[in-house]
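Only one structure is covered here, and it is reproduced in the block below.
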Amino acid sequence: MSLGTQPTQSGMPCARCGAPSSDGPPEQTIAKQPPLCSSCRQLVAAWPYPQWLKLALVSLLLLLAFALVHGKKYFQAGRELYLGERLVEKGRYAEALPHLKETLKIAPRSDKAALLTAKAGLMSGDVQSAAAALQGHDGGKFENSGKQTFKEVSALWDRANRALTEAEKAAKLELQDGKAAQAAQLMHHAASTYPEMPGLMFAAEYYDGGAAFERKDYDTFLSIAEKQWKEQANANTAAYVASALACKYAITGKLAFRQRSEAMLQKAFELAHGEPEAVKGLDEFVDRNKYRLDSREIISKTEYDRRFRSGKPAGN
Amino acid sequence: MFFIPGPVIAALTFPGVIVHEAGHLFFCRFFKLQVYQVCFFRFGTPAGYVVHQKTDNFTALFFVSMGPFFANTLLCVLFCTAAFLPVWELKVNDPLAYFFYWLGLSIGMHAFPSTTDLSNLWEQAPRLAKQGNPLAILSVPLAAVLVVLNYGRVIWADLGYGIAVGVLGPIAIFRALVR
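Residue numbers (the numbering used here), protein chains in the order written: chain D, 23 to 338; chain B, -6 to 172.
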């Protein structure tokens, strides 16, 4: 800072730079301001912004602009997080899930996002999404496991896993002859343990059909199969109806049942188009159904495998 | 509560000191007040200052005293808004975000007007508030709170203010934006 040393007009030395006085009129006294030399007077009237300050402030503004642009992806992720959180608070879990999944793409380590995704997944029966969110978060470890959300998700997770373990056991039982009623009972228990997953109740109804088949109550079998077909029209339910209709034909000999069974099987193949797993399942079933229709003898899959597939299930 | 010498804190948060003093200077120039001395940053107490002409113009006095408080607060909110989500909510390890958060907090920490600024304001505010001057009416409670907070600096009230502004500000902004 260079102030120069011109004399003041007040007769006193400059209050800023100490320059010696001149004998001019005491103007500064009238203005109740300290006596200043002309250089200092100019300086104090409009103190210049230092060059470095101007550059620093411009840099700060540029930095702010960059910070906001850089944060764009985080704003997007944050927006999805808040939208998801709001939907979870309203109990609209299935709607919240896609928003929260978007957040996790940017921030898989976010406790809040992972727990909310897990909660939304578990509450809407999407255990797979919940598992992905939890495992993607540091292998399921959370900083603050004492938080209410963590406890809530943990309890939900345990309940869902208990139900899925039961469902798995039920699925194994269902494959064994004479255990269909037990399998159905276990699946119903799983469905009531974890009612958020509608698939379990659907499976329980399916197993009810299997139990009806086992006790030779083909009317109930058919009504359950038709109900399932109405609820979810797909290759599996179509084949299920075809199976029940074949049973009815085997018992009654009414050609209409046979024709409907064949039509439903045809429908099942149409619906399975492009789904290799479904086609494979139908390929296995088609021979058994044909045997039931041709022979009018109703035998279980195990018995069919024993007789015609050397005891091994088709495809194995 | 642990003690860290003021100059160390000022050094760690120097952008806030510079922005604060630049704010004083800006408003002095805006209201055509004479400026006798300026220090944007130094290792001492105070870490920065602007010595300026006294004035009877309360509007000028208000903005010169409180301007840096508003400017620092605003910049703190903006920088922290850019960094809040990755640092607090999303837990993303982004060094740039941490840098912006440091910058925002540094600026926010130095928002408080000094006791000298506040006493200048306090000299005139109560009398003018009685006369219905809106800025004076605003100044009275604001200055009272800020005086208390200023004394609270020994227990990190300035850092607390920075964090509060840097967290609550962005939360309020995001909550308002996401509808």
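By construction, the Cβ of each residue, glycine as well, lies at the ideal position given by its N, Cα and C atoms.
**Opening and closing residue of the alpha helix (DSSP H) in which Cys32/B lies** = Position 39 of the second sequence, counted from the start, is the residue given in the question as residue 32/B. Per DSSP, Cys32/B lies in no alpha helix (DSSP H); the unbroken beta strand (DSSP E) holding it starts and ends at Val28 to Cys32.
**Request:** Pick helix, strand or coil for Lys36/D, following the three-state DSSP scheme.
**Result:** On the first sequence, residue 36/D is found 14 positions in, with the first residue counted as 1. Going by the sequence as given, residue 36/D is Cys instead of Lys. Cys36/D falls in the coil class under three-state DSSP.
**Prompt:** Near Ser24/D, what residues of its chain come up, given a Cβ to Cβ distance below 6 Å and the 5 sequence neighbours on each side ignored?
**Reply:** Residue mapping note: residue 24/D aligns to position 2 of the first sequence, counting from 1. With a pLDDT of 32 at Ser24/D, under the threshold of 50, the modelled position of this residue cannot be trusted, and the question is left open.
**Item:** For Glu188/D and Ala212/D, believed in contact at Cβ under 8 Å, the rounded distance
**Value:** Your numbering for residue 212/D matches position 190 in the first sequence. Your numbering for residue 188/D matches position 166 in the first sequence. Yes, Ala212/D and Glu188/D are in contact; Cβ-Cβ is about 4 Å, under 8 Å.
**Request:** May I have the straight-line CA-CA distance separating Ala233/D from Leu138/D, to the nearest angstrom?
**Result:** To locate residue 233/D, count along the first sequence from 1; it is residue 211. To locate residue 138/D, count along the first sequence from 1; it is residue 116. Between Ala233/D and Leu138/D, the C-alpha separation is close to 39 Å.
**Prompt:** Whole-angstrom Cβ separation of Val31/B and Trp69/D, contact assumed at under 8 Å?
**Reply:** For the purposes of this step, residue 31/B is taken as residue 38 along the second sequence, with counting starting at 1. For the purposes of this step, residue 69/D is taken as residue 47 along the first sequence, with counting starting at 1. At roughly 6 Å, the Cβ-Cβ gap stays under 8 Å, so Val31/B and Trp69/D are in contact.
**Prompt:** Interface residues of chain D around Pro79/B at Cβ under 8 Å?
**Reply:** Here residue 79/B is taken as the residue at index 86 of the second sequence, counted from 1. Within chain D, the residues near Pro79/B are Gly93, Tyr96 and Ala129.
**Prompt:** Does DSSP classify Tyr104/D as helix, strand or coil?
**Reply:** Taking the first residue of the first sequence as position 1, residue 104/D is located at position 82. Correct three-state label for Tyr104/D: helix.
**Prompt:** Taking Cβ to Cβ, would you say Gly147/D is nearer than 7 Å to Glu218/D?
**Reply:** In the first sequence, the residue the question calls residue 147/D occupies position 125. In the first sequence, the residue the question calls residue 218/D occupies position 196. Yes, the Cβ-Cβ distance between Gly147/D and Glu218/D is below 7 Å.
**Message:** For the alpha helix (DSSP H) containing Val263/D, name the first residue and the last one.
**Reply:** Indexing the first sequence from 1 puts residue 263/D at position 241. Bounds of the alpha helix (DSSP H) holding Val263/D are Ala257 to Thr274.
**Item:** CB-CB length for Ala75/B against Leu90/D, believed under 8 Å
**Value:** The sequence position of residue 75/B within the second sequence is 82, counting from 1. The sequence position of residue 90/D within the first sequence is 68, counting from 1. Between Leu90/D and Ala75/B the Cβ distance is about 5 Å, and since that is below 8 Å, they are a contact.
**Asked** Under three-state DSSP, which class holds Val44/B?
**Response** Position 51 of the second sequence, counting from 1, holds the residue named residue 44/B. The answer is strand: DSSP assigns Val44/B an E or B state.
**Asked** Just the Cα atoms here: how many angstroms apart are Arg168/B and Tyr104/D?
**Response** Indexing the second sequence from 1 puts residue 168/B at position 175. Indexing the first sequence from 1 puts residue 104/D at position 82. Cα to Cα, the separation comes out at about 7 Å.
**Message:** Is there a Cβ of chain B sitting closer than 7 Å to that of Leu137/D, yes or no?
**Reply:** Here residue 137/D corresponds to residue number 115 of the first sequence, with the count starting at 1. Not one chain B Cβ lies under 7 Å of Leu137/D.
**Prompt:** Do we get a CB-CB distance below 7 Å when we pair Ala75/B with the residues of chain E?
**Reply:** The question asks about chain E, but that chain is absent: this structure's protein chains are D and B.
**Prompt:** Counting contacts by CB-CB distance shorter than 7 Å, is Phe167/B in contact with chain D?
**Reply:** Reading the second sequence from its first residue, position 174 is the one you call residue 167/B. Under the Cβ distance rule, Phe167/B counts among the residues neighbouring chain D, one pair being separated by less than 7 Å.
**Request:** Rounded to whole angstroms, what's the CA-CA distance from Val36/B to Arg131/D? Just pull it up for me.
**Result:** In the second sequence, residue 36/B corresponds to position 43, counting from 1. In the first sequence, residue 131/D corresponds to position 109, counting from 1. Just to set this straight, residue 36/B is Phe in the shown sequence, not Val. Phe36/B and Arg131/D: Cα-Cα distance of roughly 40 Å.
**Item:** Bounding residues of the alpha helix (DSSP H) (the contiguous stretch that carries Val66/D)
**Value:** In the first sequence, counting from the first residue as 1, residue 66/D sits at position 44. Secondary structure note for Val66/D: its alpha helix (DSSP H) is the uninterrupted segment Ser60 to Ala67.
**Message:** Any heavy atom of the ligand GDP inside 6 Å of the beta-carbon of Glu306/D?
**Reply:** The ligand content of the structure shown is nil, which means the ligand GDP is not present either.
**Neighbour-count burial assignment, Pro47/D, 16 or more Cβ in a 10 Å radius** = In the first sequence, counting from the first residue as 1, residue 47/D sits at position 25. At Pro47/D the pLDDT is 39, less than 50, meaning the model places this residue with poor confidence and gives no usable figure here.
**Prompt:** In the region 42 to 63 of chain B, which residues sit with their C-beta less than 9 Å from some C-beta in chain D, listed in chain order?
**Reply:** Within the region 42 to 63 of chain B, the residues whose Cβ lies closer than 9 Å to some Cβ of chain D are Val43, His45, Gln46 and Lys47, listed in chain order.
**Request:** Taking the CB atoms as reference points, tell me whether Gly159/B and Leu71/B lie closer together than 7 Å.
**Result:** Indexing the second sequence from 1 puts residue 159/B at position 166. Indexing the second sequence from 1 puts residue 71/B at position 78. For Gly159/B and Leu71/B, no; Cβs fall outside 7 Å.
**Prompt:** Distance, Cα to Cα, Ala118/D vs Phe105/B?
**Reply:** The count along the first sequence starts at 1 and reaches residue 118/D at position 96. The count along the second sequence starts at 1 and reaches residue 105/B at position 112. Looking at the two C-alpha atoms, the distance is approximately 41 Å.
**Prompt:** Which residues in the same chain have their Cβ closer than 6 Å to the Cβ of Thr38/B, if we skip the five residues on either side of it in sequence?
**Reply:** Position 45 of the second sequence, counting from 1, holds the residue named residue 38/B. A distance below 6 Å between beta-carbons, with the five flanking residues on each side excluded, links Thr38/B to the following residues of its chain, in chain order: Gly(-1).
**Prompt:** Do you know offhand how far Ala129/B's Cα is from Ala41/D's?
**Reply:** To locate residue 129/B, count along the second sequence from 1; it is residue 136. To locate residue 41/D, count along the first sequence from 1; it is residue 19. Cα-Cα distance, rounded: 40 Å.
**Asked** Quick one: what's got a C-beta closer than 6 Å to Leu5/B's C-beta in the same chain, skipping five residues either side?
**Response** Translated into the one-based positions of the second sequence, residue 5/B becomes position 12. Excluding positions up to five away in sequence, the list is empty.
**Message:** Which of the three DSSP states is assigned to Ala104/B in this structure?
**Reply:** For this step, residue 104/B is matched to residue 111 along the second sequence. Here Ala104/B sits in coil by DSSP.
**Asked** Excluding the five sequence neighbours on either side, which residues of its own chain have a C-beta within less than 6 Å of the C-beta of Thr259/D, listed in chain order?
**Response** Here residue 259/D corresponds to residue number 237 of the first sequence, with the count starting at 1. Hits under 6 Å: Gln250 and Trp251.
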